[in-house]
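Residue numbers (the numbering used here), protein chains in the order written: chain D, 373 to 687; chain U, 574 to 984; chain L, 574 to 984; chain P, 8 to 280; chain C, 27 to 414.
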Amino acid sequence: MSRTANQPKARPEAVPRAAPLDHGRWVPAFFVAPVALYLLVFQGYPLIQEFLLSVTSTSLLDPTKHAFVGFENYRELLLDSEFHQVLRVTAIYTVVCVLASIGLGLLAALLLDGAFPGRGLARALVTIPWAAPPVAAALIFVWMFNAQYGLFSHLAQFLGLSSGGTNWLDEPSYALPAILITTIWQIFPFSSVVILAALQGVPSELREAAVIDGADRLSVFRAVVWPTIRPSVALLTLLITVWSLRRFDVIWLMTQGGPLGETNTLVIDLYRRAFVYLDLGRAAAVGIVGLVIAILVTFAYFWLSLRAEKASGKR
Amino acid sequence: MAIKLENVTKSFGALTVIDNVSLEVGDDEFLVLLGPSGCGKSTILRMIAGLETVSSGQIHLGGKRVDQLPPSGRDMAFVFQSYALYPHMTVRRNIAFPLIMRQFRWWFHIPVIGDLFKRRIENSPEVRGLVERTADMLALTKVLDRHPRTLSGGQRQRVALGRAMVRQPSAFLMDEPLSNLDAKLRTAMRAEITQLHQRVGGNFVYVTHDQIEAMTMGTRIALMRDGSLQQFGTPREIYEKPANTYVARFIGTPPMNLIEAEVEGMTVRVGTSVLPLPDGAERPVSGAASGTGRSRVWLGLRPGAFGIVPPGQGKSLAGTVTLVEHVGAESLISVKLSGIRTAHDDDGAPTDEVMVSVPGYSELRVGEAVGLDCHLKDFSLFDQDSGLRVGGRAAEDFTTNGRVGAIRTAS
Amino acid sequence: MAIKLENVTKSFGALTVIDNVSLEVGDDEFLVLLGPSGCGKSTILRMIAGLETVSSGQIHLGGKRVDQLPPSGRDMAFVFQSYALYPHMTVRRNIAFPLIMRQFRWWFHIPVIGDLFKRRIENSPEVRGLVERTADMLALTKVLDRHPRTLSGGQRQRVALGRAMVRQPSAFLMDEPLSNLDAKLRTAMRAEITQLHQRVGGNFVYVTHDQIEAMTMGTRIALMRDGSLQQFGTPREIYEKPANTYVARFIGTPPMNLIEAEVEGMTVRVGTSVLPLPDGAERPVSGAASGTGRSRVWLGLRPGAFGIVPPGQGKSLAGTVTLVEHVGAESLISVKLSGIRTAHDDDGAPTDEVMVSVPGYSELRVGEAVGLDCHLKDFSLFDQDSGLRVGGRAAEDFTTNGRVGAIRTAS
Amino acid sequence: MIKTHTARLIAVLALLGVAAFPLYWMFVTSLTPSEQLFSPSPRMLPTLSQIATYADAFTETSLRLWLVNSLIVAVGTTALSIGLAVLPAYALSRLDFRGKLLLGFALFMTQMLPEAMLVVPLYDIFTQLSLLNTLLGLILANTAFTVPVVTWILKGAIDGVPSEIEEAARIDGCSRLGIVLAVVLPLIAPTLAAAAVIAFFHGWNEYVFAQTFISDDTLRTASVGLASFVGELSTPVHTVMAVGIVYTLPAVVFYLFVQRYVVAGMTSGGVKG
Amino acid sequence: QSPGKTVVTFAASHFAEVGRGDRLKAWVETFNKANPDIEVKPVTIPFSSFATTIFTQMGGNGGPDIVRFDLPEFYAAVAAKSVLPIDDIVKDGEHNFTSADTYMKIDGKRYGFAFDTANYAMVYNAALLPGGTPPKTFEEFVNLAKAATKDGNYGYAYRATMAERGGFWYDLTNFVYGFGGRWSKPDGTPTFNSPEVVAGVAAYKTVYDAGMTPKGTDAATYRRMFWEGKVAMEIDNGGVATILTSQGKAHPISAAPSPFPHKEQGMILAPVTINANTKVKEAAGKFLRWSLQPQQQQELQTLLGAANVAITVERTPEELAAMPWLKVYDAQTPNSVPALPQGLETKAPEIQQVVVQQVLKVLQGGVAPQAAMDEAQRQITSRVLAQK
Ligand SMILES: Nc1ncnc2c1ncn2[C@@H]1O[C@H](COP(=O)(O)OP(=O)(O)OP(=O)(O)O)[C@@H](O)[C@H]1O
Ligand SMILES: Nc1ncnc2c1ncn2[C@@H]1O[C@H](COP(=O)(O)OP(=O)(O)OP(=O)(O)O)[C@@H](O)[C@H]1O
Ligand SMILES: [Mg+2]
Ligand SMILES: [Mg+2]
């Protein structure tokens, strides 16, 4: 009989105990009812309305007069090559937003994680773009992208990349990158804040253990840092994806989806269909398609993170 | 591989946390760094490992100066308090990691190819064999393909040991590796680490603040306080001949009683009783130096060195019982002495209580008047001003036997 | 105020964590709930406090059934392991909080006005006086206007006690209140809580997994395992007459040795030696019932109940030394018996080692052959199948003296 | 050692440059004389003598009014969001009830709904509730989008409050509501601050609703005010930039003050995986 | 506002303009002074978001009581019955309407009257033009503009970005009309790929490629540049010209007919209408009738600058003295055609989108004008007009 046969478990961590059951039924009801009601009125009901609109043909000018058309709107969308472009643009926009803002955020977080003089100030300053209102950000970037007097044009000219007058926001091949630069500038600080917070959770002992085991910097990152921050990065990916899918103001103010639809994301398309073409039904269908995509992404996220947890023995 | 620290000092900014520590242990010793929280034990260990730089002084390992080498160049293994297992790797990977790192080439960073190579190293017969032998030795074979978080505390502990052992380092450094375990498991793991040391040899440096761990595991103990070394010696030396009142009260539960006394020639006077010093006891020389022939000392007596007798009997000290606690096979009795100061703290803040342990269930009651006989079989005398040991006698005066360092009879 | 639990059971979903526990303590008792981690101690305490509902059974306090009352209706105070002080309130506020709550009206929630009223209650002479007297008793007067985070561990502990005391509850419930403290402070606080109990009286229910705490503080111990009560009695009963092998090995460090033996008439046979049972020892009756007149038992002997003699001498058991540990005043020696099974675990998984403690520094070496004399002054006999105590003898058979419950001589 | 240090320092400075430059450029542009705005070589430094641009921005546009309106909307959104979110956050963290999962999912859903999608049905609701053309309406609409985030973040913080403190309060005789208000809320104050910032920003920045629901001049918010310069006939670039700076500055300054809490809130709150 | 007063809201993008906005508000205020029981409240909605905002509000059963629309939105609103017929308020015979009034009646019913109309003509900075005289032909125009493009100055400026789809459409329409094209036949047959239209588009492309414009610069900016003396010519409507003169004192501007083969140009025609959701039709009607009185019309025309109003109002000598170029604009009136595909007005927004998209392909994607306009024609026939 070995001494380990009946090993007492290491003391379990304090179980976060659910409160005992003595609260009557009305306590949770009382706590939750106001917000539930609120969300029902201001989110639930409009959402249902939108869904109903999406199966009708309705004009913005007379939204009460519907003609039920079934899934005709969806069918037409799926056949519409312009909408295919919308999906493509949205996908590119979202993927690049996620990759670039997380990549840049990670880089920034790693830079700001170490010890150096003025670290606190640097950490604060780097997050400024996140605090800047999107409308203001759009305006300054429009000016910076100005073909004649914008900084980017000057820069391109200076570097000999262009002979001047490059029409960044109106050149089909540059417009989306320009929008992306603006968006990423705005959101990468958010990733860096989140990743920075996650980095604080990397036990220094683990790093040291890896160093003693002879790992170089990159190996330490891969063996210790990355696995620890991965859940945070995953959640970040989800959030940025969902937010990118619904980002409106910056794109609308900068290009309104142009040129040639090269920056026409789902939400821009939705808005244009609703408010320029006055076609609420089709617009609602676009919205629902976007929502379905967002929900699918979310489910994929949960599925993947569950799998990752299983793989690492968490469950 | 001998470990030698020479005048090692460490400061964080203006704060000096290790103050000129020197010590040296020979091959295959089990050195324990002991001391209260914050005394600098971990800092010393981390300097040996190379996780902290030294501010001044030198560290030698097997005759080679290592204090300027990076951690990976020192050939030491480190077992962390929280084990620091890589949570997303299986036990096998955890143990194999140092071996993979040993054969690492920069291009292993290239995603797919690097992984392939790493897997190849991991599956090479030598690595596999070594990992499996290690696992076998630690009874981890069954859990090799599980992840750390599914293991019990003891198993995790052993994985951490395994990861250290597999490299066959020249020194094992451990920072309170047992403090996360519960009492029972701790006892079991204590024995396992001791046996590991006996089996694999090499130097062990072990940090703890638990005197029982230190006494049972170490072949040498370095007792620290506030960054400076208080005493460095075998467990027995430290128990029986504590270098100062701090050591005296740090080691032993309940701690040694320090009773105000005066040494005069071959006698020691406690309160009104005059007791003869036994043969072979060292006596303080300070008193002689001061010309009076008398020295005021603290008489250090372990709680077991008293006999409880009816009050007023013989040369006994008079007192009253203030607390009786029954702890298993013995009873602990606090006795308030009348008119005699005692020290409860290494800095000599005075009280007048002593703690006495007697075997079995004592029927004494709080408030009862008792007499205390002092048995001067083993005792220590400390200077009242400096707190340094100035005399005394070990139960069996082992230093004269020339058996220093041979206290651990397990071999 | 007597506390009574009657057939209390608690399940979380399908998992039964407390299984039909009944116990009763009289006025002014200090009940300790003892057991390993996860055995359900906290759950029982929380049911008494009303923080968990009972699944079935009843809880009575001072004759009144309370298990359906909300926590605030039970007039109990609870001291949490982490103290659960309100970090945003000063010590004074923390202590006064229960008093304010007693006079609370719903409209105190209204921001400014409510605060005014709360402040008024807090400053009323009765509340102020009570808080200050409590603080005084706990030596907290100086820190009354500080926030918990600026206090030391011991002070926080006392604030938690103060918050409990100020209500003058009919029972104090404490869930491992000392486990966050370091060893030294723990010893000191142990004494303080004991003295508090003596001063203020009332029922204390105290949860711990530390047997030393249980033995020194409790007037009654309820020893739990996996949700069921193993033994309920005074510390001395539990130490000297453990109800089963589990209790026997849980209490005492190192734990009691369980050696395979056979009782036949007035003798007990261990291996080849036959030892006479001393006078007054209870003997198992099961053997008689089975008709053979012999019963196979575990002979329970504390480590101190052996004498080490040269091998082969007298009736001694033959063995070899496997480990020697020196722990302060005594040495612990593991001896591997030849041909005799022992149990290291309550479930009787067999080995062949016993743990022997001898005073002073033992010079034994690993591998040495020794003989072991068993002193049957106090021992227990346990049925090999059920593990229940079937006989034995306490060092001094106290139960016959009618002094049950008077073990704590401090009064 | 030294080399990696300077390398890191340079990298950090570059990063800060990237982060801060556009706002700096906005500032420079606002202080560039208009005839130099259209010169072929850019001026990298502000012309401080142009500072009157800022005074003009206040006199020539309704900037002051816009800012006040934005402030009202932002503060209202913050207060309402937090007021609404505290109790459900507590319930999600501590209470067991049917529909808990559903509520959690519904809260997440709102992050996926673009404002542009809901603006038409919301307009209809607002017409019926006579909330059009009121700042209150904007507050209500914005709150619908911030309440879920705030709830999330607060829930994360409440998860971190040791349940023992609550139990202590219960034994001391505190009611459920009392526990939330008197014990839990003070304990999560930093996170409350973080949540407040996030709600405030949303209210301060929001554009789609403000543009659609407000037709009264005197109720226009700064985001719409600023956006109205886009494609307008004739407002000088430097005035636009000055307005942009004045609009951005309060948010940035406010953020810098509370950023420590925001980071802490992020960590303890919903965002941490 | 005291109780008992009927409040009438009035939305016009002019209210958001610097200068004209304030004067217009003052003009409304004179009505309020004269009618204590009614208060007309101006609603400022910036030009860029005017249509979306108004349509959302109207769709939501709300919106301002009186709305000044641009022509495309006017047709859309009429088609959706979002604005009221006002035959009972405005009687044809009582007013001396201008010729543009014909566009105000749909299916025989009057839905509004012109609040302002503005013609298009070329404005130029004489100092920047070599020779100082405006071009007469398109070739001359291109050459002059090229010559003027130097030292950071530009010869010409117009809109060619999706972000300014609305303005782009007007600019494009001027080119198309100038080359003799029309978007559709009066019966609504689309003619987006007629040779004249294609010629106009080709001309647009010529200008685009000639390197004489500040590409990508938005109208607000290049107008600003114009009065800073950095742009030599633009083709813009009278309203803009008025603003430019009032700002750009340093650079006196001149006007000339657009340098196209045909005299026809687009026009701004902005009807004022009554929202069908209004609860105060009476009061709104009263205001509209007030505004149609000759004196108010006179004042309105003066404050709007180089624009015309609902009825024919002669320019005063003072006006002509201050702004001699007004004559050029006024002379254009007979040649002004609404910038909409006739007969297809209700589909204007989507048609604009398609056409602008295709023209952008010509400008940027290197697609031939003919091919692009063929595609536009195809899309409009098959997709836009195929809908119910
Ligand atoms: N990086 C550091 N910067 C500043 N002070 C430090 C640093 N690391 C340790 N210290 C200080 O050095 C002293 C010794 O720390 P060390 O960790 O070695 O103590 P320790 O003996 O291991 O204590 P413990 O038993 O609590 O682990 C402490 O006072 C600690 O606060
Ligand atoms: N809310 C709960 N839901 C499910 N199981 C629970 C819950 N609370 C406690 N348990 C389980 O009940 C058992 C007893 O728990 P309890 O906390 O009473 O143990 P304990 O004896 O106090 O242990 P410790 O010494 O570790 O505090 C454990 O197995 C625990 O996992
Ligand atoms: Mg340490
Ligand atoms: Mg517990």
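Ideal placement from N, C-alpha and C gives every residue a C-beta, glycine not left out.
- Closer than 8 Å to some heavy atom of ligand 1: that describes the Cβ of U/Glu749.
- Contact note: P/Ile186 does not reach chain L at a C-beta cutoff of 9 Å; the least C-beta distance is about 10 Å.
- Around the C-beta of L/Asp748, 16 or more other C-beta atoms lie within 10 Å, and the residue is accordingly described as buried.
- In the structure shown, D/Trp502 falls within a helical segment according to DSSP collapsed to helix, strand and coil.
- With a cutoff of 8 Å, U/Lys583 does not count as near ligand 3, since its C-beta is closer than that to no heavy atom of the ligand.
- The Cβ atoms of D/Glu444 and D/Val427 sit closer than 9 Å to each other.
- For L/Gln803, the three-state secondary structure derived from DSSP is strand.
- Beyond the five residues adjoining it in sequence on each side, U/Phe690 comes within less than 6 Å, by CB distance, of Phe681 in the same chain, given in chain order.
- Counted as a single uninterrupted DSSP element, the beta strand (DSSP E) harbouring U/Gln631 occupies residues 629 to 634.
- Residue state for L/His899 is assigned as strand, using DSSP reduced to three classes.
- Burial state of C/Leu295 is buried, judged by a 10 Å Cβ sphere holding 16 or more other Cβ atoms.
- When only Cα atoms are considered, L/Tyr659 and U/Ala816 end up about 45 Å apart.
- Close partners of L/Ala902 in chain U (Cβ separation under 7 Å): Arg875, Gly877.
- Of U/Thr845, U/Asp852, U/Val598, the smallest CA-CA separation from U/Gly636 is found for U/Val598.
- At a cut-off of 9 Å between beta carbons, D/Gly633 makes no contact with chain P.
- Within a 10 Å sphere around the beta-carbon of C/Lys107 sit fewer than 16 other beta-carbons, which makes this residue exposed.
- Going by C-alpha positions, D/Tyr673 is about 11 Å away from D/Pro603.
- Here the distance from the Cβ of L/Val780 to the nearest heavy atom of ligand 4 is below 8 Å.
- DSSP places P/Asp179 outside any alpha helix (DSSP H), giving it a letter other than H or E.
- Annotation: U/Tyr659 is outside any beta strand (DSSP E) and is labelled neither H nor E by DSSP.
- Per DSSP, D/Pro561 is one residue of the alpha helix (DSSP H) stretching across 544 to 572.
- In the structure shown, the three-state DSSP call for C/Glu325 is helix.
- In the three-state reduction of the DSSP assignment, U/Trp871 falls in the strand class.
- Residues of chain D whose Cβ lies closer than 9 Å to the Cβ of C/Pro360 do not exist, since the nearest Cβ in that chain is about 32 Å away.
- Bridge partners of L/Lys614 according to DSSP: none are assigned.
- One finds nothing in chain C with a Cβ atom closer than 7 Å to the Cβ of D/Pro505; even the nearest lies about 17 Å away.
- Distances taken from the Cβ of L/Gly608 to the heavy atoms of ligand 2 include one shorter than 8 Å.
- C-alpha of C/Pro343 to C-alpha of C/Ala147: approximately 21 Å in a straight line.
- Ligand 4 never approaches L/Ser655 closely enough for any of its heavy atoms to be under 8 Å from the residue's Cβ.
- DSSP places P/Phe261 in the helix class (H, G or I) of the three-state scheme.
- Residue state for D/Thr538 is assigned as coil, using DSSP reduced to three classes.
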